[in-house]
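Here's the structure we're looking at; comments come further down.
Numbering (our numbering), first residue to last: 1 to 315.
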């Protein structure tokens, strides 16, 4: 579905060249759901825009849905769906009219557009909204309608940019179910960006992590978690000063990695959390520091991301 080799994007700013994407290689297979993760400024959005033909690469090559990205951008657009974070529907427009109008841009006749639109609405639990104004729908319904718009021309591949941003937990989980269903029933290949680690973990067959314009890791969620050994320890302190002192103490534990500090929170990994915790708490007490909270867990995707990039996904 997607194969990129040495894909680059360089900007000119104040007479200097800035490499937003530095010659990345990536592959997405037919029928996969692939999560694309990266902190702000890592090159994630630039890569997505290049693959969707919204931004021209300055180097490298790629095929998307069988068409060459640089020489056949029109062919790429015919075969992909793109659901932007901002959405694509007008609040005043009637749902059915909006779907038909969007379909006509792809040369789809009205009867076919109505049939496909109603089938997709039903598949996404929106069967009763055809005659309603888009603005009357809930946030979760609007996001599902955006997906209907992105699938109306039956693309082989759909790009979802932050599909659940702004939704409540129940609506997010509901949309996850529908995204899985699209792949399972229709065989749609899905390439999604997200700021939610639980979303990437739940939905993705594979995950790609980009940082500083380079792919720094890829694999299944389980494979990526194996890259972080031992147990994850999280200390919540009363002040940032206490957090800094606690990080020094925790970093001296046998086998501990370098602690990461975010405001009042300290995170690190140790070979055996059960053995390390009593020694850590005793050392904190001797130094006159009280922890508000202490958690010991197996590594999560958050831990993987923090280890690989040195920052959280939302930085």
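Backbone N, C-alpha and C fix where the C-beta goes; we use that ideal spot for every residue, glycine too. Every value quoted in this text rests on a predicted model; they were computed, and no experiment measured them.
Pull the bridge partners of residue i from the DSSP assignment, please.
{"i": "residue 150", "result": "Paired residue(s): none; residue 150 is not in a bridge."}
{"i": "residue 231", "result": "270"}
{"i": "residue 164", "result": "In the DSSP output, where bridge partners are listed per residue, residue 164 has none listed."}
{"i": "residue 305", "result": "Answer is none; residue 305 lacks a bridge partner."}
{"i": "residue 1", "result": "DSSP lists no partner for residue 1."}
{"i": "residue 275", "result": "DSSP output for residue 275 lists no bridge partner at all."}
{"i": "residue 54", "result": "DSSP, once it has assigned bridges, lists no residue as partnering residue 54."}
{"i": "residue 262", "result": "265"}
In the DSSP assignment, find the alpha helix (DSSP H) that holds residue i and state where it starts and stops.
{"i": "residue 200", "result": "197–203"}
{"i": "residue 116", "result": "110–123"}
{"i": "residue 76", "result": "73–79"}
{"i": "residue 300", "result": "Segment: none, residue 300 is in no alpha helix (DSSP H) and carries neither H nor E."}
{"i": "residue 184", "result": "169–186"}
{"i": "residue 240", "result": "240–251"}
{"i": "residue 217", "result": "Segment 214–219 is the beta strand (DSSP E) holding residue 217; no alpha helix (DSSP H) there."}
Would you give the residue range spanned by the beta strand (DSSP E) that residue i belongs to?
{"i": "residue 63", "result": "59–64"}
{"i": "residue 17", "result": "16–28"}
{"i": "residue 33", "result": "33–37"}
{"i": "residue 95", "result": "It is not in any beta strand (DSSP E) - residue 95 instead sits in the alpha helix (DSSP H) that spans 95–104."}
{"i": "residue 189", "result": "189–193"}
{"i": "residue 132", "result": "Neither: residue 132 is in no beta strand (DSSP E) and is coded neither H nor E."}
{"i": "residue 211", "result": "206–211"}
Is the beta carbon of residue i sitting closer than 8 Å to the one on residue j?
{"i": "residue 32", "j": "residue 206", "result": "yes"}
{"i": "residue 227", "j": "residue 292", "result": "no"}
{"i": "residue 90", "j": "residue 134", "result": "yes"}
{"i": "residue 30", "j": "residue 189", "result": "yes"}
{"i": "residue 232", "j": "residue 303", "result": "yes"}
{"i": "residue 310", "j": "residue 21", "result": "no"}
{"i": "residue 37", "j": "residue 261", "result": "no"}
{"i": "residue 76", "j": "residue 147", "result": "no"}
{"i": "residue 28", "j": "residue 159", "result": "no"}
{"i": "residue 113", "j": "residue 152", "result": "yes"}
{"i": "residue 165", "j": "residue 85", "result": "yes"}
{"i": "residue 143", "j": "residue 94", "result": "no"}
{"i": "residue 48", "j": "residue 23", "result": "no"}
{"i": "residue 246", "j": "residue 235", "result": "yes"}
{"i": "residue 240", "j": "residue 193", "result": "no"}
{"i": "residue 130", "j": "residue 118", "result": "yes"}
Quick one: what's got a C-beta closer than 7 Å to residue i's C-beta in the same chain, skipping five residues either side?
{"i": "residue 202", "result": "176"}
{"i": "residue 224", "result": "207, 217, 301, 304"}
Given residue i, which residues of its chain have a CB within under 6 Å of its CB, disregarding the five upstream and five downstream residues?
{"i": "residue 276", "result": "253, 270"}
{"i": "residue 156", "result": "65, 79"}
{"i": "residue 103", "result": "113, 152"}
{"i": "residue 197", "result": "301, 302"}
{"i": "residue 81", "result": "150, 151, 155, 158"}
{"i": "residue 73", "result": "53"}
Just to confirm my understanding: we take residue i, look at its own chain, exclude 5 residues before and 5 after, and list those with CB closer than 8 Å. What are they?
{"i": "residue 5", "result": "25, 60, 61, 62"}
{"i": "residue 279", "result": "253"}
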